Amino acid sequence: MMKRGFETKYVWMNGRLIRWSDAKVHVLTHALHYGTGVFEGIRAYWNGSQLYVFRLKEHLQRLLNSAKIYGFDAKYNLEGWEKAVLEALRANELKCNTYIRPLLFVGYGPIGLNITGRGMEALVLTIPFEKYFEKPGVDVMVSTWRRISDMTNPPGAKVCGHYTNSVLAKMEAINNGYDEAILLDISGKVSEGSGENLFIVKEGVIYTPPVSAGILEGITRRTVITLARDVGYEVVERDISRTELYIADEAFFSGTAAEVTPILSIDRKPIGDGKIGPVTKTLKEKYEKVVKGDEPKYKEWLTPVY
Ligand code: PMP
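Going by my numbering, the sequence shown opens with residue -13, and the numbers climb by one from there.
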C-alpha cells in the first residue's frame, strides 16, 4: 500500500493489533449501511520527550455514553478502552502529534434494522496529525442546514450516522468559498460548527450555546470554559441568536481537531476588526500550553503514553 503520511503500522481491532493493510470489514457491515456506530476523536501531543493523551478518560466516557444512548454493547469498559488506546499508540511507537479514533460499530450480519444481539466491532486508529484548518483563522457561513435535534437524533451522542448532517453543512460552506459552517438548531438558535463548538466574546464576557441547543458537548468546550474562568473571564452558557454573531467582538471554535480556532468573519461580515482578538488569543495560547504539559495545574488532564 502506498504511504500517504497518515498510515501507521498497526490498528487495534477487537483486542488485537492488526497490520494497517489487514484492518478491513465486510461490505455487509451494518454500520456501513445504517450509520450504526459511535466514535471519539482524541488527540495526543508530543512535547519532545513525552506523548500526552489529552483528557482520555473524558473522551472514553463520552464514547460509553454514546453507546448507551443507542443501546450498543460497548464491548469494553472504560479501563478496557483506555488500555486499547495506549496499546495502539505504543505499538506504533508514535512520537508526534497524533489523532486517536476509537470506533465501536454494529458489524457483519443480515440486512435489517433490528440489532438485538448483533455483534459489535471495536477498533482504535492512531494517526499522525497536525492542523485541522489550514489557516490560523477561519471565514465561516451560517449554514442553510439545521443541526440535528434531540427530537430526531440525539445530538449529544457522537454517532457515525449523525455526521451526514455535518457533511452537508461542511460541503455547503466549502462549495461557497468558506472554511467552515455554523449550524443553527431546529428553533433557529446558534448551535455549533460542523465539528466544533462555538464561543463568542462581547464586552469582555464569553458566551457559548447551552447543551440544549443541539450541541455535542465538547471536551474542548469544557476545557475552554475551565481555563477561561481560571484566567478570570466570565463565561455564560446561554442561547445565542444569529444576529448576535455578527456584532460579537470575537468568535472562535473549540474542538479536539480544531483546538481553539479564531473565526475572522461570518457571512462575509468581519468579526471585530477581522483579526484574532485578545480573549481568543489568551485562551488559544493557554490551551496550547496545557495540552503539551507546560501547565502543572492541569497535569491531571494528561495521560503519559511512555
Ligand atoms: N461538535 C461536533 C459535532 C463535533 O464533531 C466535535 C468534535 N468531536 C465537537 C463539537 C467538539 O468536541 P470535542 O471538543 O470533544 O472534540
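Beta carbons are placed, not taken as given, at the ideal position from N, Cα and C, and that holds for glycine. As the structure is a computational prediction, the values presented were derived from the model and not from experiment.
For Glu245, no alpha helix (DSSP H) segment is defined; the enclosing uninterrupted segment is the beta strand (DSSP E) at Glu245 to Ile252.
Within the model, the alpha-carbon separation for Glu(-7) versus Pro114 is close to 8 Å. Put simply, the stretch -9 to 7 does not touch the stretch 20 to 35. Fewer than three CB pairs are less than 8 Å apart. Set against 7 Å, the gap from the CB of Asn139 to the closest heavy atom of ligand 1 is not smaller. Beyond the five residues adjoining it in sequence on each side, Glu158 comes within less than 7 Å, by CB distance, of Ser129, Thr130, Trp131 and Ala167 in the same chain, given in chain order. Around the beta-carbon of Glu79, fewer than 16 other beta-carbon atoms lie within 10 Å, marking it exposed.
The bridge partners DSSP lists for Thr194 are Glu223.
Apart from the 5 residues on each side of it in sequence, Glu220 sits with its Cβ closer than 8 Å to the Cβ of Gly190, Val191 and Ile192 in its chain, given in chain order. Listed as beta-bridge partners of Glu236 by DSSP are Val187. Counting along the chain, Pro290 sits inside the beta strand (DSSP E) bounded by residues Leu288 to Pro290. Less than 8 Å divides the Cβ of Leu184 from the Cβ of Thr194.
Distances from the alpha-carbon of Asp59 to those of Ala70, Val92, Lys81 and Leu42 put Val92 closest. Listed as beta-bridge partners of Pro114 by DSSP are Thr84.
The three-state reading of DSSP puts Ala143 in coil, since its state is none of H, G, I, E or B.
DSSP places Ile172 outside both helix and strand once states are collapsed to three, so it counts as coil. Cβ neighbours of Asn51 within its own chain (closer than 8 Å, five residues either side excluded): Gly142 and Ala143. Trp67: member of the alpha helix (DSSP H) spanning Leu64 to Ala77, first to last residue. Pairing Asp253 with Tyr284, the inter-Cα distance amounts to about 36 Å. Distance between Val222 and Lys156, taken at the CA atoms: about 27 Å. Classified as exposed, Met137 has fewer than 16 neighbouring CB atoms from the shown chains inside 10 Å of its CB. Of all alpha-carbon atoms in Asp225, Lys121 and Lys81, the one lying nearest the alpha-carbon of Ile262 is that of Lys121. With fewer than 16 other beta carbons inside 10 angstroms of its own, Gly105 counts as exposed. When DSSP states are grouped into helix, strand and coil, Leu109 belongs to the strand group. For Glu68, the closest alpha carbon among the candidates Leu89, Thr206, His16 and Ile211 is that of Leu89.
Secondary structure at Tyr164: coil, using DSSP grouped into helix, strand and coil. At least 8 Å separates the beta-carbon of Asp165 from that of Arg133. In this structure, Asn183 has its CB closer than 7 Å to one or more heavy atoms of ligand 1.
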